[in-house]
Amino acid sequence: MADVLSSPMLALLFGLVAGWLTLSSLNGKGPSAGTAGLLLIILAAVVVVLGALSVSIFHLILAGTTALVVLSQVSTFAGAFLVGAIIQSFLGKN
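So in this note's numbering, spot 13 of the sequence shown is number 437, and the numbers just go up one at a time.
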């Protein structure tokens with residue numbers, strides 16, 4: 425179960441949802457801007473925390489491993505955020 429929670433797929437899913445909600449909010453079709461911003465911050469924080477928790481004690485000894493894992497999770501989240509926003513922009517025109 426821990427592998428699923430710390431996987432890049434979760435960062436991808438959260439990023440897609442956050443991108444979709446943010447652009448929906450900006451288009452006036454989704455939640456308010458404050459709600460979308462709060463959800464974006466929460467989802468990004470969850471991705472960072474789960475990425476940091478996925479590193480074993482052995483890897484914590486190695487310098488920079490935690491930072492690399494967290495950076496990987498955040499970059500996956502950011503890329504998925506952009507993809508979610510692009511998908512919403514195309515589908516939201518109808």
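Cβ coordinates follow ideal geometry from the N, Cα and C atoms, glycine included. Keep in mind the model is a prediction, meaning the values are calculated, not measured.
query	result
Take the Cβ of Leu434 as the centre, count every other Cβ of all protein chains shown within 10 Å, and call the residue buried at 16 or more, exposed below.	buried
Here's a check: name, in chain order, each residue in its chain whose Cβ is nearer than 7 Å to the Cβ of Val498, leaving out the five neighbours to either side.	Val471, Val472
How is Gly454 classed by DSSP in three states: helix, strand or coil?	coil
Taking the C-alpha atoms as reference points, what is the distance between Thr459 and Trp444?	13 Å
Just to check my reading of the structure: Ser449 and Ala457 have Cβ atoms closer than 8 Å, yes? What is that Cβ distance to the nearest angstrom?	5 Å
With distances taken from CA atoms, which of Leu495, Ile465, Lys453, Leu462 is nearest Leu515?	Lys453
In chain order, what residues of the same chain have a beta carbon less than 6 Å from the beta carbon of Leu467, not counting five sequence neighbours either side?	Phe438, Ala442
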